[in-house]
């Protein structure tokens, strides 16, 4: 059972004129949104002061061998297998880092908290994490900072002051625009759709969904957002949830958006087995290997994702630089090894860069 629940389960209010029912629970968070322009005009970035935390009385680690543990949301799925690969590649390139990945086989916040707490007790120099719940994980991360441990997040953030830096794979409003624009292109500006996410407390997905809700209301007000369902980053549950949506809404269902690398291929499988390829579009975030059969069969036109290996690589580079003191509050850019110079945004977030789009023409070029 999750230790904490979002205190308010009210849907985000949409602008007047949208066909989405006011009571629809989108699965987003309750933070302010900043939808991008419908015509693609770039948004101006506002300067934000550093808002991350700081390890208390950390020992001098500059250039010295350090021990790092990587604690993702869960282990055993392609997404986090590849982020772990990136972490290990960076550790090898750096030459003065001993790193390991450890986690539960389920996306369970209580297990994640217990694991991190155990590593604080046993002794590590650095912790990398992808949060299952941004609020629930914050106290144990603050405990790590108080113990002088360097803390860097990636993929899914915690409260900003509970870690030093967060490697952001993409801006939430950028993800939102990409997914909704792609969906609208496939099902039309007045189509009906549903979403399969992991949990309503998973920070990155809740943030993306909030921005998607705002962008859809602004740019495609005639679209109908039917429902958002949780699937716990579980393949069988994701398939069953997608199948339930297909049966529940029938011909009204025109599209499904998968918010995870597990949900998107599972939704594609459900659409395939239901004989709905060409009638129900599947759009979402996914690693290429699980999507290859559906893309090659023409049931899915494309899938979108950043390089998950590079995400883990950047996170490890950021932790090493934090430990060395070469990545400091107020910096505008960050040199991330083979990735080159990355931009720092929103005070304490390191932006990974542009995602890859996997299509029938290029999907065989990728292997993760």
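Numbering (mature numbering (1 follows the signal peptide of the UniProt record, and there is no 0)), first residue to last: -21 to -1, 1 to 347. In this text, a Cβ means the ideal position worked out from N, Cα and C, and glycines have one as well.
It is roughly 7 angstroms from the alpha-carbon of residue 288 to the alpha-carbon of residue 63.
Counting only runs of 4+ residues, the alpha helix (DSSP H) found wholly inside the stretch 97 to 164 occupies 117 to 125, in chain order. For residue 35, the closest C-alpha among the options 124, 237, 293 is that of 124. Using a Cβ distance threshold of 8 angstroms, residue 293 and residue 323 do not count as a contacting pair. Bridge pairing for residue 236: 174, 262 [DSSP]. Residue 252 is classed as exposed because its beta carbon has fewer than 16 other beta carbons within 10 Å across all chains shown. If you check the CB distance, residue 111 and residue 87 come in under 8 angstroms. Here the stretch 257 to 270 makes no contact with the stretch 91 to 105; the two share fewer than three CB pairs at distances below 8 angstroms.
When Cβ pairs closer than 8 angstroms are counted between the two stretches, the stretch 42 to 57 is seen to touch the stretch 293 to 305, the count reaching three or more. Residue 247 places its beta carbon less than 8 angstroms from that of residue 279. Distance from the CA of residue 316 to the CA of residue 73, rounded to the nearest whole angstrom, comes to 8 angstroms. The Cβ atoms of residue 195 and residue 159 lie closer than 8 angstroms to each other.
In the DSSP annotation of this structure, the continuous segment of the beta strand (DSSP E) that includes residue 328 starts and ends at 328 to 330. At a cut-off of 3 residues, the continuous stretches assigned as beta strand (DSSP E) that sit fully inside the stretch 15 to 86 are 45 to 50, 76 to 80. Under the three-state reduction of DSSP output, residue 204 falls in the strand class. For residue 342, the CB contacts under 6 angstroms within the same chain, skipping 5 residues up- and downstream, are 267, 271, 274 in chain order. Here the stretch 168 to 188 makes contact with the stretch 216 to 232; the two share three or more CB pairs at distances below 8 angstroms.
Under a 10 Å Cβ-count criterion, residue 340 is classified as exposed, with fewer than 16 other Cβ atoms of the shown protein chains found around its own Cβ. In the structure shown, residue 241 adopts coil according to DSSP, grouped into three states.
Distance from the CA atom of residue 32 to the CA atom of residue 57, rounded to whole angstroms, is 30 angstroms. DSSP, reduced to helix, strand and coil, places residue 210 outside both helices and strands of the structure shown, so it counts as coil. If you compare the alpha carbons of 310, 11, 285 with that of residue 337, the shortest gap goes to 285. The C-beta of residue 66 has 16 or more other C-beta atoms within 10 Å across all chains shown, which makes the residue buried. In the three-state scheme derived from DSSP, where H, G and I count as helix and E and B as strand, residue 313 is classed as strand. In the structure shown, the three-state DSSP call for residue 284 is strand. About 6 angstroms separates the CB atoms of residue 265 and residue 237; that is less than 8 angstroms, so the two are in contact. For residue 322, the three-state secondary structure derived from DSSP is strand. Secondary structure of residue 253 (DSSP, three-state): coil.
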